[in-house]
Amino acid sequence: MAGTPGAQDIDVSSFWSGVRKALPGLMICTLISGVVTFAGLGLVASRYESETQLTITAKRSNAIVDGKNDASAAASITPRLDREAINTHVRALLAPDLLIKVAKELELERRPEFNTALGPVDTIDRLMRLIGLGGPHPGQTTEQRVLEALQASVTVSAARGSRFLSIRAQSTSSEVAALITTKIAETYRKTLREIPVRETNEAVEALLPKIEQLREEVLQAEAAATRFRAETNQLTGGSSDAATLEQQRLAALTSDLARAEADESRSEAKLRAAQDQDGRGAQSLAEVQQSKVIQDLIAERVRVERQVNEAQAVLLPAHPRMRQLNADLAGIRRMIRDEIDNVVSGIRKELRVNRLRTARLREQIETLKKTAVANSANEAQLNGLEANARAKRDELERLQKQLEDNRTVVETARVPVEATIVSRGRPSGEPAFPKKGPSTLLVMAATMMLGMALIIVKELMMPGNVPHNRRASDKRDTARGPVASELETPATEVSRPTGKRRSTASKRPPPAPKAVPVVTMRTR
């Protein structure tokens, strides 16, 4: 035998010679693949892509305005948007109802790329229809075909770690692609605005009958409280929040009693001061000192006393002039005492009047207290009726304010919207598919690499790529015959570290000769 397969070496010169011979054909195949690819892509209609960006902002969870709450305080609370909320908006932008509404507004059913029943879009589509792989599916309606095509061309994605949403759409027209993305964003924002407005309108319609019923209940409750107040003699002098007439009278009598007791104490103090020091304390009373008559009498007494003093210097006590002057002085002093007694008597009378007034006021107050105790049950019942009427009135006012606020929301349609358009779709000047130049170069590079791989494998597998000395040894073995070949079995090995060949011969006993036919084969 010639030797083991593992001991065979690669003939580098023959290997590169075979590769060089196959390169022209490979280059031709590469050019042909590039031309075919470019021509094939030319049969496909160009598709343009447009993008619209949205940002999701937080808003109040309850869109219905409540008149009892402060709107500014509620708006200042910003709910937290989690990933599930963002994904909800992503799925909502691809909702079939939303896409169908956009398709109807843009009349996409008139375009062949969205309605396959109108005909092929490009040459590839026409060829697919000829072989039965294209065209509309049987049983599909126009709306279903448009929805399926629109779902295939629209893509919605959310940026990781942010609130930005990206809406992309592809179409054979760059203007149509831009209109689709912008229309989807605008329709979605309009839908988000209409939802709370519709809910608020439903709340308004639900409030109207409730308000009418509550208004009747308020009127009946207030009328019942007024009627019971009149029946139990608990009328008020003013508004419903004022005290009853008996309560007002009791308050007035209490004030009068306090004043009467104060007057009584003051009169008693004056009388006690007048009776001190054997009546001489009365001269120090304010009423005595302020009396005009007493002031005149005191002045007259001072004049007479001066005359008496002057007469005593020249007259004897028994003189008629002295007697007259002394008699006048005694009369004036008597008149002063009488006038003081009159003032004290007036104080005494005033004290008696104040005592009588105080006693009368106490009697009236006690009578009113007894009446109030007797009417306590009626008063409690009246308070319950009035509390019920006030509660119904407050609820009616709250509902009316809420109704007005909700009507304002419905009429103005101004509600906080979560989605905000950051960037609208713009027509693109370059098609997104197909990329003829890059795709052609990619196919040519792939063809070149695949061809080179096949050529290398083919050259490695060919039996002719072995060393020349091995081929010469094979020729000698063929000429000697099979017996000589078996007697002489040289072994050739390649030293792996140096790459040099070394030969060893082993002596073996000659086998018995056999009749073996000689067959010579060589495959190239």
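Position in the sequence shown counted from 1, then plus 14, gives you the numbering used here.
Backbone N, C-alpha and C define an ideal beta-carbon position, used for all residues, glycine too.
On a predicted model such as this, the values are computed, not experimentally measured, just so you know.
1) If you reduce the DSSP assignment to three classes, tell me which class residue 178 lands in.
2) Could you give the first and the last residue of the continuous alpha helix (DSSP H) run that contains residue 157?
3) Should the region 200-216 be called in touch with the region 154-170, which here means at least 3 C-beta pairs below 8 Å?
4) List the endpoints of the continuous beta strand (DSSP E) containing residue 67.
5) Which residues bound the beta strand (DSSP E) around residue 437?
6) Residue 114 and residue 157 look like a contact to me (Cβ under 8 Å); what is the Cβ gap, rounded to whole Å?
7) Do you know offhand how far residue 510's Cα is from residue 466's?
8) Is the number of C-beta pairs between the region 225-245 and the region 406-419 that are closer than 8 Å three or more?
9) For the structure I just gave you, are there three or more beta carbon pairs, one from the region 392-405 and one from the region 25-44, closer than 8 Å?
10) Leaving out five residues before and five after residue 453 in sequence, what residues of the same chain have Cβ atoms less than 7 Å from its Cβ?
11) Among the residues of its own chain, which have a CB less than 8 Å from the CB of residue 381, if the five just before and after it don't count?
12) Within 10 angstroms of its Cβ, does residue 34 collect 16 or more other Cβ (buried), or is it exposed?
13) Could you pull out every residue in the same chain whose Cβ sits closer than 8 Å to the Cβ of residue 347, ignoring the five residues on either side in sequence?
14) Could you tell me whether the region 365-381 touches the region 274-286, using the rule of 3 or more Cβ pairs below 8 Å?
15) Rounded to whole angstroms, what is the Cα-Cα separation between residue 117 and residue 413?
16) Pairs of beta-carbons, one from the region 431-445 and one from the region 172-189, closer than 8 Å: are there three or more?
17) What whole-angstrom Cβ distance do residue 69 and residue 471 have, given they're in contact under 8 Å?
18) Tell me which residue opens and which closes the alpha helix (DSSP H) that residue 242 is part of.
19) Could you check the C-alpha separation between residue 5 and residue 361 for me, to the nearest Å?
20) Within the same chain, show all residues whose beta-carbon is closer than 6 Å to that of residue 523, passing over the 5 residues directly before and after it, in chain order.
21) Tell me the rounded alpha-carbon separation between residue 409 and residue 97.
22) Alpha carbon to alpha carbon, how far is residue 91 from residue 71?
23) Terminal residues of the continuous alpha helix (DSSP H) containing residue 31?
24) Check whether the region 234-246 touches the region 383-396, counting contact only when three or more Cβ pairs, one atom from each stretch, lie closer than 8 Å.
25) According to DSSP, simplified to helix, strand and coil, what is residue 305?
26) Check for me: the alpha helix (DSSP H) holding residue 442 runs from which residue to which?
27) Using 8 Å for Cβ pairs, my map puts residue 318 next to residue 342. What's the rounded Cβ distance?
28) Would you list the residues sitting across from residue 128 in a DSSP beta bridge?
29) Beta carbon of residue 235: closer than 7 Å to some heavy atom of the ligand GTP?
30) Tell me residue 185's beta-bridge partners as DSSP assigns them.
31) I need the boundaries of the alpha helix (DSSP H) containing residue 98, first residue and last residue.
32) Could you please give the first and the last residue of the uninterrupted alpha helix (DSSP H) stretch that includes residue 119?
33) Output the boundary residues of the alpha helix (DSSP H) element that contains residue 471.
34) Using DSSP's beta-bridge definition, name the partner residues of residue 172.
35) Within this structure, are the beta carbons of residue 181 and residue 120 separated by less than 8 Å?
36) With a 10 Å radius around its C-beta and 16 neighbouring C-beta atoms as the bar for buried, classify residue 232 as buried or exposed.
For this structure:
1) In the sequence shown, the residue the question calls residue 178 occupies position 164. Here residue 178 sits in strand by DSSP.
2) Taking the sequence shown and counting its residues from 1, the one referred to as residue 157 is at position 143. Counting along the chain, the alpha helix (DSSP H) containing residue 157 begins and ends at 156-167.
3) no
4) Here the question's residue 67 lines up with position 53 in the sequence shown. Residue 67 -> beta strand (DSSP E) spans 62-70.
5) Numbered from its first residue, the sequence shown carries residue 437 at position 423. Per DSSP, residue 437 belongs to the beta strand (DSSP E) from 433-437.
6) Counting from one through the sequence shown, the residue named residue 114 turns up at place 100. Counting from one through the sequence shown, the residue named residue 157 turns up at place 143. Correct: roughly 6 Å between the Cβ atoms.
7) Looking up residue 510 in the sequence shown gives position 496. Looking up residue 466 in the sequence shown gives position 452. Bear in mind that the predicted position of residue 510 carries a pLDDT of just 40, short of 50, making it unreliable; the figure below should be weighed with that in mind. Taking the straight line joining both Cα atoms gives about 28 Å.
8) yes
9) no
10) Position 439 of the sequence shown holds residue 453. Within the same chain, residue 453 has close Cβ partners 51 and 55.
11) Start at 1 with the first residue of the sequence shown, and residue 381 comes out as number 367. The answer is none, since no qualifying residue turns up.
12) Translated into the one-based positions of the sequence shown, residue 34 becomes position 20. So residue 34 counts as exposed.
13) Along the sequence shown, one-based indexing puts residue 347 at 333. Excluding positions up to five away in sequence, the list reads 315.
14) yes
15) Counting from one through the sequence shown, the residue named residue 117 turns up at place 103. Counting from one through the sequence shown, the residue named residue 413 turns up at place 399. Those two C-alpha atoms are separated by around 42 Å.
16) yes
17) To locate residue 69, count along the sequence shown from 1; it is residue 55. To locate residue 471, count along the sequence shown from 1; it is residue 457. About 56 Å; that fails the 8 Å criterion.
18) Start at 1 with the first residue of the sequence shown, and residue 242 comes out as number 228. 188-245 is the span of the alpha helix (DSSP H), which, as asked, contains residue 242.
19) The requested residue 5 is not part of the displayed model; the chain covers only 15 to 538.
20) Your numbering for residue 523 matches position 509 in the sequence shown. Reliability of the predicted coordinates at residue 523 is poor, the pLDDT of 48 falling under 50, and the value obtained from them is presented with this limitation in mind. Around residue 523: no qualifying Cβ.
21) Taking the first residue of the sequence shown as 1, we reach residue 409 at position 395. Taking the first residue of the sequence shown as 1, we reach residue 97 at position 83. Distance between the alpha carbons of residue 409 and residue 97: 40 Å.
22) Within the sequence shown, residue 91 is the residue found at index 77, counting from 1. Within the sequence shown, residue 71 is the residue found at index 57, counting from 1. Model confidence at residue 91 stands at a pLDDT of 42, short of 50, so the residue's coordinates are unreliable; what they give is reported in the following sentence. Between residue 91 and residue 71, the C-alpha separation is close to 13 Å.
23) Position 17 of the sequence shown, counted from the first residue, corresponds to residue 31. Element bounds for residue 31: 26-56.
24) yes
25) For the purposes of this step, residue 305 is taken as residue 291 along the sequence shown, with counting starting at 1. In the structure shown, residue 305 sits in coil (DSSP, three-state: anything other than H, G, I, E or B).
26) The count along the sequence shown starts at 1 and reaches residue 442 at position 428. Segment: none, residue 442 is in no alpha helix (DSSP H) and carries neither H nor E.
27) For the purposes of this step, residue 318 is taken as residue 304 along the sequence shown, with counting starting at 1. For the purposes of this step, residue 342 is taken as residue 328 along the sequence shown, with counting starting at 1. Contact holds; Cβ gap of about 5 Å.
28) Position 114 of the sequence shown, counting from 1, holds the residue named residue 128. The partner list for residue 128 (beta bridge, DSSP) is empty, contrary to what the question assumes.
29) With respect to small molecules bound, the structure shown includes none, and the ligand GTP cannot be examined in it.
30) On the sequence shown, residue 185 is found 171 positions in, with the first residue counted as 1. 62.
31) Translated into positions along the sequence shown, residue 98 becomes position 84. Counting along the chain, the alpha helix (DSSP H) containing residue 98 begins and ends at 97-107.
32) Locating residue 119 in the sequence shown gives position 105, counting from the first residue. Note, residue 119: alpha helix (DSSP H), 110-120.
33) For this step, residue 471 is matched to residue 457 along the sequence shown. Residues 450-475.
34) For this step, residue 172 is matched to residue 158 along the sequence shown. Paired residues: 179.
35) Counting from 1 along the sequence shown, the entry for residue 181 is found at position 167. Counting from 1 along the sequence shown, the entry for residue 120 is found at position 106. No.
36) Here the question's residue 232 lines up with position 218 in the sequence shown. Residue 232 is buried by the Cβ-count criterion.
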